[in-house]
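Right, one structure below, let's go through it.
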Amino acid sequence: MQQQSKAIAYALLAILFWSTVAVPFKIGLQYFHFTHFLFITITIAVVISFISLLWQKKIRQLKNLTKSQILIGVLGGFLNPFLYYLMLFKAYSLLPAQIAQALNYTWPIMLVILSVPFLGQKLNFKGFSTLLIGFVGVYFIASEGNPLALQPSEPFGVILAVSTSIVWACYWLINTKSTTDSSINLFLNFATGFVLTIPIAFIIPFDYLVPIKGWLAVAYSGIFEMGITFIIWLTAMRLTSRTDKISNYVFLAPFLSLLFIYIFLGEQIYYTTLVGLVLIISSIFLNRYLTSSERK
């Protein structure tokens with residue numbers, strides 16, 4: 002019971018950190034090109050991940066990895082952090098923070114859909130109907146307070162934000178095939194992302210004369226979105242006896258994030274953002290309920 006309490010505490014701490022990052026994303030991207038922002042955050046994350054392996058005395062285990070384990074780690078790293086955050090940071094540069102972060106939480110819906118071809122799971126009419134509720138939520142969020150307009154102000158940003166959920170779902174599915182220690186696999190992901198980011202980071206000239214506010218924002222993002230927070234979350238997953246219960250806490254994050262966005266960025270929260278988030282998360286839990294009922 003004590004171990005489970007620790008798991009919950011770690012999970013809630015990770016969720017608190019993830020809830021705050023929309024603010025530094027938006028601030029930092031005012032000063033940095035999104036590719037530069039990506040390069041710096043991944044650099045910070047890979048350093049933290051390496052230090053974590055040193056702390057856990059797992060560095061030597063890297064020598065014992067099989068080709069398939071390395072391949073999964075590298076492929077996972079291409080998806081996340083490289084492609085996922087490349088798309089996410091561009092979306093944040095185009096959209097209000099509340100819209101980008103809310104649309105990003107459609108990944109559980111995409112995970113259900115992609116589990117059909119990749120894991121052979123079944124999706125009946127009832128299950129599909131619950132997912133449609135989530136897509137209605139996406140429409141409400143994208144409308145930016147005007148659901149009758151039928152045209153988002155930044156269609157490309159909306160497409161990017163929703164597409165990040167597909168990338169994240171693919172990343173999750175690939176990791177189900179991994180037999181590597183989670184900390185080592187995470188390091189492989191970050192190291193791959195770091196290598197892939199180097200070429201694109203210097204296509205556009207780097208502006209080093211960024212105000213301290215921008216540097217603090219990008220540093221915070223690297224530490225508390227990727228580096229430390231992923232490690233904290235993995236610790237929670239390792240300690241818990243029920244990963245499904247711990248995972249449910251993640252849906253507190255988008256609502257907490259809206260609070261931070263309102264306080265620190267001064268964005269007026271659209272009623273459609275709240276309605277859309279409720280619809281998306283309701284569709285996820287309805288789908289889970291139907292799936293568990295059919296298994297009984």
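The numbering used here puts the sequence shown at residues 2 to 297.
Every residue gets a Cβ at the ideal spot worked out from N, C-alpha and C, and that includes glycine.
Can you round the beta-carbon distance between Gly228 and Ser94 to whole angstroms, since I take them to be within the 8 Å contact cut?
Separation of the CB atoms of Gly228 and Ser94 is rounded to 22 Å, and the pair is thereby denied contact status at 8 Å.
Determine the closest residue to Gly78 out of Pro109, Ala46, Ala101, with distance taken between C-alpha atoms.
Ala46
So, helix, strand or coil for Glu226, using DSSP?
helix
From Gln5, Asp182, Phe26, Pro255, pick the residue whose C-alpha is nearest to that of Lys64; which is it?
Restricting attention to Gln5, Asp182, Phe26, Pro255, the CA atom closest to the CA of Lys64 is found in Asp182.
Do the stretch 50-59 and the stretch 140-150 make contact, defined as three or more Cβ pairs closer than 8 Å?
no
For Leu280, collect the residues of the same chain with a Cβ closer than 8 Å to its Cβ; drop the 5 residues on either side in sequence, then sort them by chain order.
Ile134, Gly135, Val137, Gly138, Phe141
Selected residue, minimal CA-CA separation from Ser253, among Leu89, Phe188, Tyr106
Looking at the sequence itself, residue 253 is Leu, so the reference to Ser does not match. That would be Tyr106, whose Cα lies nearest to the Cα of Leu253.
Nearest-angstrom Cα distance between Gly128 and Leu80?
27 Å
Cβ shell of Thr180 (< 7 Å), same chain only, five flanking positions each side left out
If we look at Thr180 and ignore the five residues flanking it on each side, its Cβ neighbours are Gln70.
C-beta contact flag for Phe231 and Thr21 at 8 Å:
no
For Gly121, is the classification buried or exposed, using 16 other Cβ atoms within 10 angstroms of its Cβ as the cut-off for buried?
exposed
Go ahead and pull the three-state DSSP assignment for Leu124.
coil
Less than 8 Å between C-beta atoms, sequence neighbours within five positions excluded: which residues of the same chain meet that for Lys214?
Ile28, Tyr32
Sequence-distant residues of its chain with Cβ nearer than 7 Å to Ser293 (five each side left out)
none
With a cut-off of 8 Å, do at least 3 Cβ pairs link the stretch 110-125 to the stretch 181-198?
They do not touch, by the three-pair rule.
N-terminal and C-terminal residue of the alpha helix (DSSP H) that Gln269 is part of
Premise fails: Gln269 is in no alpha helix (DSSP H) and is neither H nor E.
Considering only their Cβ atoms, is the gap separating Trp173 from Leu235 smaller than 8 Å?
Against a cut-off of 8 Å, the Cβ pair of Trp173 and Leu235 comes out as no contact.
Cβ separation of Lys178 and Ile73, assumed to be a contact under 8 Å, to the nearest whole Å
Contact holds; Cβ gap of about 6 Å.
So, at 6 Å on beta carbons, what are the nonlocal neighbours of Ile201 in its own chain, with the 5 sequence-adjacent residues on each side left out?
So the list reads Thr36, once near-sequence residues are dropped.
To the nearest whole angstrom, what separates the beta carbons of Ala98 and Leu266, a pair I think is in contact under 8 Å?
6 Å
Residues near Leu104 in its chain [Cβ-Cβ closer than 6 Å; skip 5 each side]:
The residues are Ile142, Ala162, Val163.
The alpha helix (DSSP H) enclosing Ala15, as first and last residue numbers
3-21
Given Ser242, which residues of its chain have a CB within under 7 Å of its CB, disregarding the five upstream and five downstream residues?
Counting only residues of its own chain and dropping the five nearest sequence neighbours on each side, Ser242 has a CB closer than 7 Å to the CB of Gln5.
With 16 other Cβ atoms within 10 Å as the buried cut-off, status of Ile224:
buried
For Ala237, I'd like the list of residues in its chain whose CB is within less than 7 Å of its CB, leaving aside the five on either flank, ordered along the chain.
Ala8, Tyr11, Ala12, Ala15, Ile247
In angstroms, rounded to a whole number, what distance separates the CA positions of Ser193 and Tyr85?
One point to set straight first is that residue 193 is Thr, not Ser, in the sequence displayed. Going from the Cα of Thr193 to the Cα of Tyr85 covers about 13 Å.
Could you please give the first and the last residue of the uninterrupted alpha helix (DSSP H) stretch that includes His37?
35-57
Neighbour-count burial assignment, Thr67, 16 or more Cβ in a 10 Å radius:
exposed
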